[in-house]
Amino acid sequence: MNAPPAVSIQASHALGAAFIFKKALISALVALVLFSLMIGVRTEAGPTGQLIYWTRFGDLAAMVATVFGGSIVVELLRQWWGPVGTIRVVPTNVKSALALARRGIAPVLLIFTFLVPVIFYDQRYILDLGILVLTYVMLGWGLNVVVGLAGLLDLGYVAFYAVGAYSYALLATNFGLSFWICLPLAGILAALWGVMLGFPVLRLRGDYLAIVTLAFGEIIRLVIINWQSLTGGPNGVSGIPRPTMFGIPLTPGDDGLAAKLGIEFSPTHRIVFLFYLILALALLTNWVTIRLRRLPIGRAWEALREDEVACRALGINTTTTKLTAFATGAMFGGFAGAFFATRQGFISPESFTFQESALVLAIVVLGGMGSQLGVALAALAMIGGFELFRGLEQYRMLVFGIAMVLLMIWRPRGLIGHRAPTVFLERSQAISSDLVKEGHG
Amino acid sequence: MTAPSATPLLAIRGLRAAYGKIEALKGVDIEINAGEIVALIGANGAGKSTLMMTIFGKPRARSGQIEFDGHDITAVPTHQIARLRIAQSPEGRRIFPRMSVAENLQMGADATESSEADRAAGLERVLTLFPRLRERMTQRGGTLSGGEQQMLAIGRALMSRPRLLMLDEPSLGLAPLIARQIFDAIRTLNRQDGLTVLIVEQNANHALKLAHRGYVMVNGLITLSGTGSELLQRPEIRAAYLEGGRRG
Numbered sequence: 005m006n007a008p009p010a011v012s013i014q015a016s017h018a019l020g021a022a023f024i025f026k027k028a029l030i031s032a033l034v035a036l037v038l039f040s041l042m043i044g045v046r047t048e049a050g051p052t053g054q055l056i057y058w059t060r061f062g063d064l065a066a067m068v069a070t071v072f073g074g075s076i077v078v079e080l081l082r083q084w085w086g087p088v089g090t091i092r093v094v095p096t097n098v099k100s101a102l103a104l105a106r107r108g109i110a111p112v113l114l115i116f117t118f119l120v121p122v123i124f125y126d127q128r129y130i131l132d133l134g135i136l137v138l139t140y141v142m143l144g145w146g147l148n149v150v151v152g153l154a155g156l157l158d159l160g161y162v163a164f165y166a167v168g169a170y171s172y173a174l175l176a177t178n179f180g181l182s183f184w185i186c187l188p189l190a191g192i193l194a195a196l197w198g199v200m201l202g203f204p205v206l207r208l209r210g211d212y213l214a215i216v217t218l219a220f221g222e223i224i225r226l227v228i229i230n231w232q233s234l235t236g237g238p239n240g241v242s243g244i245p246r247p248t249m250f251g252i253p254l255t256p257g258d259d260g261l262a263a264k265l266g267i268e269f270s271p272t273h274r275i276v277f278l279f280y281l282i283l284a285l286a287l288l289t290n291w292v293t294i295r296l297r298r299l300p301i302g303r304a305w306e307a308l309r310e311d312e313v314a315c316r317a318l319g320i321n322t323t324t325t326k327l328t329a330f331a332t333g334a335m336f337g338g339f340a341g342a343f344f345a346t347r348q349g350f351i352s353p354e355s356f357t358f359q360e361s362a363l364v365l366a367i368v369v370l371g372g373m374g375s376q377l378g379v380a381l382a383a384l385a386m387i388g389g390f391e392l393f394r395g396l397e398q399y400r401m402l403v404f405g406i407a408m409v410l411l412m413i414w415r416p417r418g419l420i421g422h423r424a425p426t427v428f429l430e431r432s433q434a435i436s437s438d439l440v441k442e443g444h445g
Numbered sequence: 017m018t019a020p021s022a023t024p025l026l027a028i029r030g031l032r033a034a035y036g037k038i039e040a041l042k043g044v045d046i047e048i049n050a051g052e053i054v055a056l057i058g059a060n061g062a063g064k065s066t067l068m069m070t071i072f073g074k075p076r077a078r079s080g081q082i083e084f085d086g087h088d089i090t091a092v093p094t095h096q097i098a099r100l101r102i103a104q105s106p107e108g109r110r111i112f113p114r115m116s117v118a119e120n121l122q123m124g125a126d127a128t129e130s131s132e133a134d135r136a137a138g139l140e141r142v143l144t145l146f147p148r149l150r151e152r153m154t155q156r157g158g159t160l161s162g163g164e165q166q167m168l169a170i171g172r173a174l175m176s177r178p179r180l181l182m183l184d185e186p187s188l189g190l191a192p193l194i195a196r197q198i199f200d201a202i203r204t205l206n207r208q209d210g211l212t213v214l215i216v217e218q219n220a221n222h223a224l225k226l227a228h229r230g231y232v233m234v235n236g237l238i239t240l241s242g243t244g245s246e247l248l249q250r251p252e253i254r255a256a257y258l259e260g261g262r263r264g
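The listed protein sequences correspond, in order, to chains A and B. Taking the numbering used here, the leading residue of the first sequence gets 5, the next gets one more, and so forth. Taking the numbering used here, the leading residue of the second sequence gets 17, the next gets one more, and so forth.
Listed below in structure tokens is the structure:
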């Protein structure tokens, strides 16, 4: 019974082999032409100014061979793992195992995250890395509201991170307010700035919106650098108070938490506390986002991303919808900023460059816009990956770039491009995978 | 047939609207009585869609008056017009492609703050009218066929339980058979629910057969009006819209 399809698969494989070979050959040829001068011949000015050169054909051959081999590997992987629309030859039991893994990954990840400080209690490096990853998870989830749900491309998200960080730093150092009072204030102030950015860009979309938000991010940074009397300019703000556990400081003194609990003081306590603090903040972001998605406002955000004209025809106030998206996203950015300030104890404008915005946006896009789990995985991969490849030094960015390109080839809609519907009328049915497959809409 | 009431549900007087310097509506007068189907026909660029959008406040009227149920709505903000239970199915369907059919329908009810019971009743009405949508509830809007998308667009507009339904080119790009189904559904809505409908169409034959009354629009002005069958008999209508400009 299975004979005819098997034949056709074989035929397509045979066709594929010739095609792959041809493609790899062309790539190798292009590499040969390009690299023959760049790598094959090395020139340098000699001691008396004359030109000396030598050839490096060995390196050149290695390079061309790598391109040839790499091209075949990429093409094979593409055909095997395939972009949208390719027929995948995956056995059913593997498929069902994958489906199970997909469903289990979120709870497993969450439980593991909760246990990280227990498992890695003695490894400060892992704990610090975990805090960093969680900060970016939170930033990603915050930006996801604006970019993923409302579809407003925001390249200046770091501005709200900065507003949050400076709000806490300045309020705490100037007025001695505690972290727990400043945290909501930082969120409110950031949300206010979100609305301030929102107003002028109400009528902009896509590229134009991206440019204005990019400029907004830079404006905030430049204001921070130049308003020396308030922000300390490039010197930043130092001596930012560490967070307390609801008023009990995590210090070795008599009134410290360790003394009160009657256990021996260890600096790790603070790290563990910070870890759970950012975890709680990130989970709050996630919870609020999930709740909002099920409310009319969240649906309105998504509808706005899909079609603004239709939204207006349905009586949705597009102005407030956009402004609430900006404000909500900014608020979470502000929370993350306040956390960043209290963790570092010192902040300066250097922490809030465009690169941060780009990184967070990359996390959202790679994760699959609108997908909470995808964003978390992307943050883990990106920030964790950065650390993992630290040994590669300058090749780190190269590996990172290649990984990004490959991911976009295989999963053009991000790691988790699937979007779970939020409205269930009647009984929710099991949806067969070909019904929800991404189209070209 | 429902007896048209004395005061019109929607009355438009001397309406003018423009895109920058280009005047699209040059003083339009239209009346729609409760329980009527009114067709607005005209060539491309006559201002039919502009009229519909101006009723919704985008673009704003330069002068003239739009009265709905005795209230002047000329200056009412766009998003509040839908709350008066005027629903619109815009040209080109414009459903939300990445959202499920259920979510699309839900969107129609969200802005009007209707009660849970109203919502359920509205949904049931839509699904009886378009049983195809029931099968597709969990599917993404973008994966529907053109006809199903049109059904969804109308269904979404119906979810706000409107008193006036405005349809912009519901037969656009649909196979004749599917277009007929859509028109049948509109007729059913009018006869069974007493829904007032304003339908903008290029397909003059279908629209005029369906409608109680019709208006013909040329270059931003209403040039002819009458009952559907009257208009269908007019030689200039036949020549311009029904026989592809052939002299008959």
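Glycine is no exception: its CB is placed at the ideal position from the N, C-alpha and C atoms. Please read these numbers as outputs of a predicted model, since none were measured by experiment.
Mind listing the chain B neighbours of residue i? Cutoff is C-beta to C-beta under 7 Å, in chain order.
| i | result |
| --- | --- |
| A/Pro-416 | Ordered by position in chain B, no residue passes the 7 Å Cβ test against A/Pro-416, which lies about 14 Å from the chain. |
Taking 7 Å as the threshold (C-beta atoms), are residue j and residue i in contact?
| i | j | result |
| --- | --- | --- |
| B/Leu-180 | B/Ala-173 | no |
| B/Gly-30 | B/Gly-108 | no |
| A/Leu-104 | A/Val-368 | no |
| B/Pro-106 | B/Asp-184 | yes |
| A/Ala-65 | B/Phe-112 | no |
| A/Thr-357 | A/Phe-183 | no |
| A/Leu-159 | A/Leu-114 | no |
| A/Arg-298 | A/Thr-426 | yes |
| A/Leu-153 | A/Gly-372 | no |
| A/Ala-382 | A/Leu-370 | yes |
| B/Ala-33 | B/Leu-41 | yes |
| A/Val-78 | A/Thr-59 | no |
| A/Ala-331 | A/Val-122 | no |
Note down, in chain order, each residue of its chain lying with its Cβ closer than 8 Å to the Cβ of residue i, except the 5 sequence neighbours on either side.
| i | result |
| --- | --- |
| A/Ser-171 | Cys-186, Leu-189, Ala-190, Leu-193, Ala-194, Gly-338, Gly-341, Ala-342 |
| A/Leu-29 | Phe-72 |
| B/His-11 | Any question about residue 11 of chain B goes unanswered here, given that chain B covers just 17 to 264. |
Pop quiz: residue i and residue j are said to be a contact at Cβ under 8 Å. What is the actual Cβ separation, rounded to whole angstroms?
| i | j | result |
| --- | --- | --- |
| B/Gly-163 | B/Arg-114 | That belief does not hold up - the Cβ atoms of B/Gly-163 and B/Arg-114 are roughly 20 Å apart, past 8 Å. |
| B/Val-213 | B/Gly-58 | Their Cβ separation, rounded to whole angstroms, is 17 Å, which puts B/Val-213 and B/Gly-58 out of contact at 8 Å. |
| A/Trp-305 | A/Thr-325 | 6 Å |
| B/Arg-229 | B/Glu-52 | 6 Å |
| A/Gly-173 | A/Ile-351 | Note on residue identity: the sequence assigns Ala, not Gly, to residue 173 of chain A. Indeed, because the Cβ distance is near 5 Å, the residues count as touching under 8 Å. |
Flag residue i as yes if its beta-carbon sits less than 7 Å from any beta-carbon of chain A, otherwise no.
| i | result |
| --- | --- |
| B/His-87 | no |
| B/Ser-116 | yes |
| B/Gln-197 | no |
| B/Ala-33 | no |
Mind listing the chain A neighbours of residue i? Cutoff is C-beta to C-beta under 8 Å, in chain order.
| i | result |
| --- | --- |
| B/Asp-126 | Pro-300, Arg-303, Ala-304, Leu-318, Ile-320 |
| B/Ile-97 | Gly-319 |
| B/Phe-72 | Arg-316, Ala-317 |
| B/Thr-23 | Under the 8 Å cutoff, chain A gives no residues; its nearest Cβ is about 24 Å from B/Thr-23. |
Can you find the residues in the same chain that come closer than 7 Å, C-beta to C-beta, to residue i, ignoring five residues on each side of it along the sequence?
| i | result |
| --- | --- |
| A/Leu-213 | Leu-156, Leu-157, Val-205 |
| B/Ser-65 | Glu-107, Asp-184, Val-216 |
| B/Arg-152 | Val-117, Leu-160, Glu-164 |
| B/Arg-177 | Arg-101, Ser-130, Asp-134, Gly-138 |
| B/Asn-120 | Ile-111, Phe-112, Gly-157, Leu-168, Arg-172 |
| A/Gly-50 | Ile-56 |
Taking Cβ-Cβ distances shorter than 7 Å, what residues in chain A pair up with residue i?
| i | result |
| --- | --- |
| B/Phe-84 | Simply none; closest approach about 14 Å. |
| B/Glu-119 | Arg-303, Pro-425, Thr-426, Val-427 |
| B/Met-123 | Arg-303, Ala-307, Leu-318 |
| B/Thr-94 | Arg-316 |
| B/Thr-212 | In chain order: nothing, as chain A lies at least about 17 Å away. |
Would residue i pass as an interface residue toward chain B - the criterion being a Cβ-Cβ separation below 7 Å?
| i | result |
| --- | --- |
| A/Pro-271 | no |
| A/Val-368 | no |
| A/Glu-360 | no |
Counting only Cβ pairs nearer than 8 Å, list the residues of chain B close to residue i.
| i | result |
| --- | --- |
| A/Val-313 | Pro-106, Arg-110 |
Taking 6 Å as the limit between beta carbons, can you name the residues of its chain near residue i, skipping five residues before and five after?
| i | result |
| --- | --- |
| A/Arg-303 | none |
| B/Ala-201 | Leu-145 |
| A/Phe-23 | none |
| A/Thr-90 | Caution applies to A/Thr-90, whose pLDDT of 49 falls short of 50 and renders its modelled position unreliable; the model cannot decide the point. |
Please indicate yes or no: does the CB of residue i lie closer than 6 Å to some heavy atom of the ligand FMN?
| i | result |
| --- | --- |
| B/Met-123 | Judged by which ligands are present, the structure shown has none, so any question about the ligand FMN falls away. |
Which residues of chain B have a Cβ atom closer than 9 Å to the Cβ of residue i, listed in chain order?
| i | result |
| --- | --- |
| A/Ala-154 | None at all; the shortest Cβ gap to chain B is about 13 Å. |
Interface residues of chain A around residue i at Cβ under 9 Å?
| i | result |
| --- | --- |
| B/Thr-90 | Those do not exist, as B/Thr-90 stays about 17 Å from chain A at its closest Cβ, beyond 9 Å. |
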